[in-house]
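Numbering (the working numbering), first residue to last: 30 to 334.
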Amino acid sequence: MRSSRSRSSPPTRRRRSPRREGAPSPHCRAISTSLRREDCLAFHATRFRPRGALLAVVGDSPPSGLLDVARERLAQVRWASEARPTPLDFLELPREPGLRALVLHKPDSTQAQLRIVSPGIPRSSPRFFEAVVANTALGGGFTSLLVDAIRVDRGLSYSVSTRLAMNRQSGLSLFSSFTKNETLHELVDVALEKMGGYAESGPSEDALDKARTYLAGLFPLGLESHEALAEQISDSLLDGVGLEHLVSYRSRIGAVTAEAARAAASDLSPARDGARIVVVGDGEVGRKALGGLCPVDVRPIEEVA
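Laid out in structure tokens, this is it:
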């Protein structure tokens with residue numbers, strides 16, 4: 030059984046940052062101390078239950094044999110609870126015009142992590158394919174516009190990318206990079222300038238063709254193992270896009286037009302009006318780099334980490 034998580038296609042590996050066990054952040058500590066045992070038991074009873082779950086079985090045995098194995102295992106499951114889960118309430122974050130920045134002050138930082146983020150789309154959006162193509166040309170590939178401008182041409186950062194984090198209910202459009210303190214201001218300026226221009230013009234014909242070819246060629250690699258195939262099938266069914274999403278993926282990527290890609294580039298730019306800039310690093314460096322651009326809120330990193 031697969032659980033819902035943040036998704037985008039083609040599939041990518043998820044990295045987990047190491048964290049010292051038994052040392053929660055103050056924010057997590059404040060939340061955990063307010064929870065009661067009854068709260069946890071009630072959530073477990075309605076969420077951690079097999080009824081209504083999706084089971085995907087992939088293997089090299091005949092389908093009838095796999096079904097027999099599944100039935101045998103499911104017959105051993107104890108249906109402990111018939112409690113129905115209450116619907117989760119997903120509240121839309123308020124959107125305010127103009128750029129705003131949050132700087133998380135980490136003392137003695139010599140580098141700054143930079144994120145620029147705007148609302149995205151859910152995976153079930155009918156604009157999925159043009160959005161993925163437009164994002165790949167902008168910053169989703171090694172030969173993308175932002176990689177050329179920030180890494181190759183100016184040497185501001187070794188790592189720069191954009192991605193669409195697509196969940197079942199909503200999503201994010203995200204720019205990510207880092208640089209040394211002395212070049213943070215330049216990195217922000219270049220990123221905003223290039224993303225702003227791309228939002229107006231969209232990808233060039235050459236960039237569009239490269240993005241479509243790259244995505245169509247990469248997609249089968251995410252389906253090679255039984256584990257990967259089971260995950261992709263489960264995710265497609267859970268997110269409501271169906272198995273046709275996998276069957277038609279390459280042809281629909283190849284069918285994305287320049288007009289559709291331009292519209293997606295404009296509507297889903299990480300740097301469009303209302304975007305939020307987040308910097309993790311030296312607070313004063315962040316304030317100076319962003320102060321002339323937009324309102325800046327500097328907070329100690331201990332508030333969130």
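All C-beta atoms, glycine included, are put in the ideal place defined by N, C-alpha and C.
Checklist entry - Secondary structure at ALA318, three-state DSSP: helix, strand or coil? => result The DSSP-derived three-state label of ALA318 is helix.
Next on the checklist: Taking 6 angstroms as the limit between beta carbons, can you name the residues of its chain near GLY51, skipping five residues before and five after?
Outcome noted: Interpretation of GLY51 is limited by its pLDDT of 46, a score under 50 that renders its predicted location unreliable; the figure taken from the coordinates is listed afterwards. Hits under 6 angstroms: none found.
Next on the checklist: Please state the DSSP three-state secondary structure of LYS135.
Outcome noted: Here LYS135 carries a coil assignment [DSSP, helix/strand/coil].
Item to check | ILE150 in three-state terms, based on DSSP | outcome: Three-state result, ILE150: coil.
Checklist entry - Do ALA294 and SER199 have their CB atoms nearer than 9 angstroms? => result Contact: no.
Next on the checklist: With distance defined between alpha-carbon atoms, name the residue in ARG129, LEU272, VAL276 and LEU267 nearest to ILE145.
Outcome noted: Measuring from the Cα of ILE145, the nearest candidate turns out to be ARG129.
Checklist entry - Hey, is ILE282 close to the ligand SAH, as in C-beta under 8 angstroms from one of its heavy atoms? => result The ligand SAH is absent from the structure shown, which contains no ligands of any kind.
Next on the checklist: Under DSSP, the alpha helix (DSSP H) around SER265 begins and ends at which residues?
Outcome noted: Counting along the chain, the unbroken alpha helix (DSSP H) around SER265 starts and ends at 255-267.
Checklist entry - Does DSSP put SER63 in a helix, in a strand, or in coil? => result Helix at SER63.
Item to check | Assigned secondary structure, SER190 (DSSP; H/G/I helix, E/B strand, else coil) | outcome: Correct three-state label for SER190: strand.
Next on the checklist: Does ASP92 come out as helix, strand or coil in the three-state DSSP assignment?
Outcome noted: Note that residue 92 is Pro in the sequence shown, not Asp. DSSP places PRO92 in helix when its eight states are reduced to three.
Item to check | Reduced DSSP secondary structure (H/G/I, E/B, other) of GLY310 | outcome: In the structure shown, GLY310 sits in a strand (DSSP, three-state: E or B).
Next on the checklist: Rounded to whole angstroms, what is the Cα-Cα separation between GLU253 and GLU125?
Outcome noted: Answer to the nearest angstrom: the Cα atoms are 44 angstroms apart.
Item to check | Proximal residues to ARG45 (C-beta, below 6 angstroms), its chain only, five neighbours per side dropped | outcome: Because ARG45 sits at a pLDDT of 39, beneath the cut-off of 50, its placement in the model cannot be relied upon, and the point is left open.
Item to check | VAL342 - DSSP class collapsed to helix/strand/coil | outcome: Outside the displayed range of the chain (30 to 334) lies residue 342, so it cannot be described from this structure.
Next on the checklist: Can you find the residues in the same chain that come closer than 6 angstroms, C-beta to C-beta, to ILE262, ignoring five residues on each side of it along the sequence?
Outcome noted: Closer than 6 angstroms at Cβ, skipping near neighbours: ALA85.
Checklist entry - What does SER206 pair with, by DSSP beta-bridge criteria? => result Under DSSP, the beta-bridge partners assigned to SER206 are LEU143 and VAL189.
Item to check | Close-in-space but distant-in-sequence residues of the same chain around LEU64 (CB under 6 angstroms, 5 per side omitted) | outcome: Result list for LEU64: empty, nothing under 6 angstroms.
Checklist entry - Which residues does DSSP pair with ARG76 in a beta bridge? => result DSSP, once it has assigned bridges, lists no residue as partnering ARG76.
Checklist entry - Going by the CB atoms, is the gap between ARG192 and ASN164 shorter than 9 angstroms? => result Against a cut-off of 9 angstroms, the Cβ pair of ARG192 and ASN164 comes out as a contact.
Checklist entry - VAL181: buried (16+ other C-beta within 10 angstroms of its C-beta) or exposed? => result By the neighbour-count rule (16 or more Cβ atoms within 10 Å), VAL181 is not buried but exposed.
Checklist entry - Opposite ARG129 in the DSSP bridges: which residues? => result For ARG129, the beta-bridge partners assigned by DSSP are ARG305.
Checklist entry - Which residues in the same chain have their Cβ closer than 7 angstroms to the Cβ of ARG156, if we skip the five residues on either side of it in sequence? => result So the list reads ILE150 and ALA293, once near-sequence residues are dropped.
Item to check | Local conformation of VAL219 per DSSP, three classes | outcome: Correct three-state label for VAL219: helix.
Item to check | Among HIS214, VAL162, GLY226 and ILE60, nearest to GLN142 - alpha-carbon criterion | outcome: Per the Cα distances, HIS214.
Checklist entry - Given 8 angstroms as the limit, is there contact between the region 226-246 and the region 270-289, that is, 3 or more CB pairs closer than that? => result The answer is yes - the region 270-289 touches the region 226-246, with three or more Cβ pairs under 8 angstroms.
Next on the checklist: Given this structure, state the Cα-to-Cα distance separating ARG305 from HIS255, to the nearest angstrom.
Outcome noted: Answer to the nearest angstrom: the Cα atoms are 39 angstroms apart.
Checklist entry - When the distance is taken between beta carbons, is SER206 closer than 9 angstroms to SER298? => result Taking the C-beta atoms as reference points, SER206 is found no nearer than 9 angstroms to SER298.
Item to check | Assigned secondary structure, SER280 (DSSP; H/G/I helix, E/B strand, else coil) | outcome: Here SER280 sits in helix by DSSP.
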